[in-house]
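Participant: In order, the protein sequence lines correspond to chains A and B.
Throughout, this note's numbering is defined as the position within the first sequence, counted from one, plus 49.
Throughout, this note's numbering is defined as the position within the second sequence, counted from one, plus 49.
2 protein chains.
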Amino acid sequence: MARRSEHTREQLGELILGAAEQLIAENGMAGLSARAIAKAIGYTPGTIYLVFANLDDVILHVNARTLDRLFAPIEKAVAGDDTPTGQLVRAARAYVEFARAHPNLWRACFEHRLPSEQTGPDYIDMRIQRLIALIMPPLAAASRAEGAHLNAAAQALWSGVHGICILSLTNKLHLVGGQATEHLTDDLVIHYLTGLAARGVGTSLGSG
Amino acid sequence: MARRSEHTREQLGELILGAAEQLIAENGMAGLSARAIAKAIGYTPGTIYLVFANLDDVILHVNARTLDRLFAPIEKAVAGDDTPTGQLVRAARAYVEFARAHPNLWRACFEHRLPSEQTGPDYIDMRIQRLIALIMPPLAAASRAEGAHLNAAAQALWSGVHGICILSLTNKLHLVGGQATEHLTDDLVIHYLTGLAARGVGTSLGSG
DNA sequence: ACCTGAACACCGTTCAAGT
DNA sequence: ACCTGAACACCGTTCAAGT
């Protein structure tokens with residue numbers, strides 16, 4: 050055995066990522082193992098380590114693919130013929146929809162725990178930044194915010210939708226089906242944007 | 050060996066949960082194993098299965114403890130001598146602060162993946178419901194919402210803060226330190242409440 | 001009755017050895 | 001150069017056997 054050379058290093062990488070993606074999609078991270086990947090592609094576990102540093106490295110590259118797939122529907126939402134607020138509502142819905150359609154892959158992107166809280170690789174950070182950047186133009190238009198304020202608003206809004214997504218997906222809320230999730234998303238986005246558009250409230254906590 | 054009877058079943062349970070809690074707090078879920086717990090309390094791994102069904106069961110009981118510890122600071126925040134909006138801002142800050150103080154225990158509560166998306170045990174659901182219920186009174190006062198609308202608002206707001214928390218803790222946002230996280234939290238809560246108080250916007254997406 | 005200790009079926013990762 | 005297969009140090013969980 051050894052020296053089959055049936056695939057180039059790149060092809061082998063694609064095979065591994067494809068198998069890993071399918072395994073995660075089917076059974077979550079619990080379904081993923083080096084031995085399972087190897088079995089799926091007809092190689093032995095050691096082969097994986099010729100292409101990737103370790104299993105974490107494989108997972109991170111699967112996550113990069115998932116974040117790439119998430120980009121298109123969000124991009125389409127903010128490019129739609131709609132008001133800025135409408136674009137943002139639709140972008141949020143697209144986010145939730147994607148998470149519901151690919152729950153295990155989506156969760157892998159955000160629950161994969163690096164050792165000791167350290168930051169992920171740049172190619173993951175970049176992709177997340179690109180997603181957040183998508184909602185900046187409509188958010189600027191809907192709120193007249195700019196600069197650091199706009200940036201903070203984009204992060205807050207995106208995080209908020211993300212939170213609804215994760216708690217809904219893991220059944221931590223008492224929701225039934227996707228309609229309730231979408232309703233919560235709309236509620237958060239619309240009220241946040243309404244509040245943001247009513248400028249100058251800043252830290253005046255006495256509005257209640 | 051066998052038949053030491055140095056501890057009652059209840060004491061053994063406490064020992065196990067205490068050791069598990071410490072292991073998770075120190076090294077996250079990665080630091081937890083039946084063998085590590087056993088070693089920490091001076092028993093063999095088999096003993097754990099006399100008290101708990103499995104390791105998942107242990108984790109869920111640690112999570113119940115964590116959620117109980119989270120209750121007090123939130124309760125204190127909403128009981129403070131402040132406006133309803135101020136109480137909610139402080140409750141959100143308390144949530145973020147707790148998560149930052151106990152990142153591994155907090156993450157264990159929300160990232161622990163049950164097999165196949167099924168819902169967690171009632172004693173976990175109950176505790177989460179109790180937390181959400183805490184913010185209902187000030188939220189009702191700040192927004193004049195009631196019934197299903199109030200319930201949805203509480204879930205949306207809580208999820209939103211949760212989302213900021215998790216993304217901040219896992220470094221998915223470009224934030225430096227806890228100040229930026231608190232600022233995002235304030236931003237989300239205040240603008241959401243402002244928008245919520247400006248009733249009747251409902252699904253009118255054309256406000257941008 | 002309580003607890004052990006060995007076993008089973010798994011892991012991630014490494015690396016000498018084969019072609 | 002490429003890949004294997006066996007090994008190492010781990011897992012969660014079970015359960016016959018000991019006291």
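Here a beta-carbon is modelled for each residue, glycine too, at the ideal position from N, C-alpha and C.
Fair warning: this is a prediction, and the values are worked out from it, not measured in the lab.
What is the rounded straight-line gap between the Cα of Leu237 (chain A) and the Cα of Thr134 (chain A)?
Facilitator: Each residue's alpha carbon lies about 12 Å from the other.
Participant: Quick one: Cα of Ser82 (chain A) to Cα of Leu72 (chain A), how far?
Facilitator: 9 Å
Participant: Kindly indicate if chain B contains any beta-carbon less than 9 Å away from that of Arg162 (chain A).
Facilitator: Closer than 9 Å: yes.
Participant: Listing by chain order, which chain A residues have their CB less than 8 Å from the CB of Asp236 (chain B)?
Facilitator: Ala201, Ala202, Ala205
Participant: Under 6 Å Cβ to Cβ from Tyr172 (chain A), same chain only, skipping five residues before and after it: list those, please.
Facilitator: Ala113
Participant: So what's Glu55 (chain B) in DSSP terms, helix, strand or just coil?
Facilitator: Three-state DSSP puts Glu55 (chain B) in coil, outside helix and strand.
Participant: Considering only C-alpha positions, which residue in the set B:Asp130, B:His161, B:Thr168 is nearest to Ala79 (chain B)?
Facilitator: With distances taken between Cα atoms, Ala79 (chain B) lies closest to B:His161.
Participant: Does any CB atom of chain B fall closer than 9 Å to the CB of His151 (chain A)?
Facilitator: no
Participant: Rounded to whole angstroms, what is the Cα-Cα separation between Leu116 (chain B) and Thr96 (chain A)?
Facilitator: 43 Å
Participant: Quick one: give me the first and last residue of the alpha helix (DSSP H) that Gly142 (chain A) is part of.
Facilitator: It should be noted that the sequence gives Arg, not Gly, for residue 142 (chain A). Where Arg142 (chain A) is concerned, the enclosing alpha helix (DSSP H) stretches over 133 to 150.
Participant: Considering only the beta carbon of each residue, do Ser192 (chain B) and Leu199 (chain B) sit closer than 9 Å?
Facilitator: Yes, the Cβ-Cβ distance between Ser192 (chain B) and Leu199 (chain B) is below 9 Å.
Participant: Under 9 Å, Cβ to Cβ, is there at least one residue of chain A near Gln71 (chain B)?
Facilitator: no
Participant: For Gly95 (chain B), go through chain A and note every residue whose CB falls closer than 8 Å to its CB, in chain order.
Facilitator: Chain A residues near Gly95 (chain B): none, gap ~23 Å exceeds 8 Å.
Participant: Tell me which residues share the same chain as Leu93 (chain B) and place their Cβ nearer than 8 Å to its Cβ, disregarding the 5 neighbours each side in the sequence.
Facilitator: Residue identity differs from the one stated: residue 93 (chain B) is Thr in this sequence, not Leu. Same-chain partners within the cutoff: Ala87.
Participant: Who are the neighbours of Tyr172 (chain A) on chain B, taking C-beta pairs under 9 Å?
Facilitator: Residues of chain B passing the Cβ test: none, with the nearest at roughly 14 Å.
Participant: Would you mind reading off the limits of the alpha helix (DSSP H) that contains Gly212 (chain A)?
Facilitator: 196 to 218
Participant: Since Ala140 (chain A) and Val127 (chain A) should fall inside the 8 Å C-beta cutoff, what is the C-beta to C-beta distance between them, to a whole number of angstroms?
Facilitator: 5 Å
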